[in-house]
Amino acid sequence: MSAAARSYLSKVLDIMEKNALLRHQVEWTEVRRQAFSQARAAQKPSDTYDAIRSALRTAGHGHSSFFEPKQVKEVIEAPPDSSFQGPEARSLGEHVAYVSLPAVQGSDAAYQRYVRQGREAVAKADRPGACGWVVDLRRNHGGSMWPMLAVAGPILGDGKVGMFVDPDGKTYPWTIQNGSPRENGRPFDWGDSAPVANPHAPVAVLTDGVTASAAEAVAVAFRGRPQTRSFGEDTYGVPTGNKNRRLSDGAVLGLTEVKDADRTGRNYDAPISPDEEIPTMKLRSGAHADQVLQAAKNWLSKSARGCGSGRSGPRPGP
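Take the sequence shown: its letter number 238 is residue 238 in my numbering, and every next letter is one higher.
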């Protein structure tokens with residue numbers, strides 16, 4: 001192994017040992033031994049990539065990623081293109097509005113477009129004032145949670161909505177202020193969001209087995225919110241936070257470093273079960289009916305009863 005390859009691999013393993021969510025549970029001496037053995041013939045940093053991926057399989061919690069320089073440009077830094085899919089929102093009638101939050105990963109321009117499109121769609125669906133909301137996280141495999149929260153923020157409501165928790169118990173809160181998210185107090189560049197007509201309206205959150213990573217964080221953010229209920233299937237099961245660290249050759253180590261926790265302090269580290277389970281098989285057995293969405297609408301129609309008849313929207317309980 002060349003000195004350059006050894007130094008590169010050693011620095012990556014140092015990052016993992018210091019920051020990984022599983023850092024207190026991994027036998028790092030053995031991880032290093034195996035990594036250097038696998039990369040023993042490496043002459044340049046790229047020759048160590050397979051050894052890094054092997055180490056991540058042991059210490060990466062099943063959610064970590066490693067992006068080669070070419071993949072960084074294709075995935076992490078990708079601008080929005082013709083295939084870009086942003087949030088969609090519409091009225092479902094009976095004073096119920098619907099917003100679908102798809103996955104989003106890419107450049108700042110992609111995030112800006114996602115937030116702008118999503119906020120415009122939510123504002124349009126909210127006319128003349130929704131008494132209940134459906135937030136659809138199905139088929140959302142993740143990416144970045146923050147653009148998603150920037151769209152859902154007015155529906156979530158201002159205040160603390162969740163947090164990251166590291167292996168030592170240190171917390172990093174997620175908050176909403178003026179409809180826009182903040183990570184540990186730090187705002188993003190998207191600015192404030194226009195409020196919805198009824199910020200305390202009941203919310204139904206839809207999940208399935210594809211709902212993962214950042215989408216699970218959004219689901220967690222709605223946990224503990226008054227008048228909120230989830231429908232569908234268990235999520236994929238990686239409600240954890242990754243931090244992307246750029247390496248000397250342009251590769252990026254996306255290391256899982258924290259767990260998600262809801263506003264009550266409950267930690268999540270496994271698939272998240274909905275309040276009302278409706279298996280996909282049951283959904284597919286119908287001709288065209290989306291039974292998950294129908295169940296959510298039925299619950300919302302009861303929870304928001306009286307709203308839209310000249311009275312203000314429902315308020316949370318004490």
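All C-beta atoms, glycine included, are put in the ideal place defined by N, C-alpha and C. From a predicted model like this one, the values you see are computed outputs, not experimental measurements.
- Assuming Ala51 and Ala39 make a contact with CB atoms under 8 angstroms, what is their CB distance in whole Å? Counting from 1 along the sequence shown, the entry for residue 51 is found at position 51. Counting from 1 along the sequence shown, the entry for residue 39 is found at position 39. Right, the Cβ-Cβ distance comes to about 4 angstroms (below 8 angstroms), so this counts as a contact.
Check: Quick one, which of Glu120, Ala35, Glu27 has its alpha-carbon nearest Ala5's?
Finding: Working through the sequence shown from its first residue, we reach residue 5 at position 5. Measuring C-alpha to C-alpha distances from Ala5 to each of Glu120, Ala35, Glu27 identifies Ala35 as the nearest.
(Q) Would Arg116 pass as an interface residue toward chain C - the criterion being a Cβ-Cβ separation below 8 angstroms? (A) The structure shown has no chain C; it contains just one protein chain.
Of the residues Glu17, Thr29, Phe67, Arg33, the one placed nearest Gly254, counting alpha carbons only: If you number the sequence shown from 1, residue 254 lands on position 254. Among Glu17, Thr29, Phe67, Arg33, the Cα nearest to that of Gly254 belongs to Phe67.
- What runs of the beta strand (DSSP E), each 3 residues or longer, lie entirely inside the region 218-306? Listed in chain order, they are 228-232, 240-246, 252-262.
Okay, do the region 139-147 and the region 212-223 touch, 3+ Cβ pairs below 8 angstroms being the bar? Taking 8 angstroms as the limit for Cβ pairs, the verdict is that the region 212-223 does touch the region 139-147.
Status (buried if at least 16 other CB within 10 Å, exposed otherwise) for Ala219: Here residue 219 refers to the residue found at position 219 of the sequence shown. Buried is the call here.
- request: Would you kindly check if the distance between the Cβ of Gly86 and the Cβ of Gln105 is under 8 angstroms?
  value: Numbered from its first residue, the sequence shown carries residue 105 at position 105. Numbered from its first residue, the sequence shown carries residue 86 at position 86. At least 8 angstroms separates the beta-carbon of Gln105 from that of Gly86.
- [ ] List the endpoints of the continuous beta strand (DSSP E) containing Trp133.
- [x] The sequence position of residue 133 within the sequence shown is 133, counting from 1. Run containing Trp133: 132-136, per the beta strand (DSSP E) assignment.
Exercise for the section: Whole angstroms is fine: what's the gap from Val205's alpha carbon to Ala221's? Expected result: As a working note, residue 205 is residue 205 in the sequence shown. As a working note, residue 221 is residue 221 in the sequence shown. Using only the alpha carbons, I get a separation of about 11 angstroms.
Reduced DSSP secondary structure (H/G/I, E/B, other) of Phe66 = Position 66 of the sequence shown, counted from the start, is the residue given in the question as residue 66. It is a strand residue.
Candidates Gln112, Gly241, Thr280, Ala201: which alpha carbon is nearest Asp192's?
Along the sequence shown, one-based indexing puts residue 192 at 192. It is Gln112 whose Cα lies nearest to the Cα of Asp192.
- prompt: By the 10 Å Cβ neighbour count, where 16 or more other Cβ atoms means buried, how is Arg57 classified, buried or exposed?
  reply: As a first step, residue 57 is located in the sequence shown; it is residue number 57 there, counting from the start. Residue environment analysis places Arg57 among the exposed positions, since fewer than 16 neighbouring C-beta atoms fall within 10 angstroms of its C-beta.
Endpoints, the alpha helix (DSSP H) within which Glu120 is located
Walking along the sequence shown from the start, residue 120 turns up at place 120. From DSSP, the alpha helix (DSSP H) with Glu120 extends over 108-125.
### Task
Taking the CB atoms as reference points, tell me whether Thr264 and Glu233 lie closer together than 8 angstroms.
Along the sequence shown, read from residue 1 onward, the residue named residue 264 stands at position 264. Along the sequence shown, read from residue 1 onward, the residue named residue 233 stands at position 233. By the CB criterion at 8 angstroms, Thr264 and Glu233 fall outside the cutoff.
Residues near Val161 by beta carbon distance below 6 angstroms, same chain, minus five either side: Within the sequence shown, the letter at position 161 stands for residue 161. Take Val161, set aside five residues on each side of it, and the residues of its chain with a beta-carbon closer than 6 angstroms to its own are Trp174, Ile176, Ala221, Arg263, in chain order.
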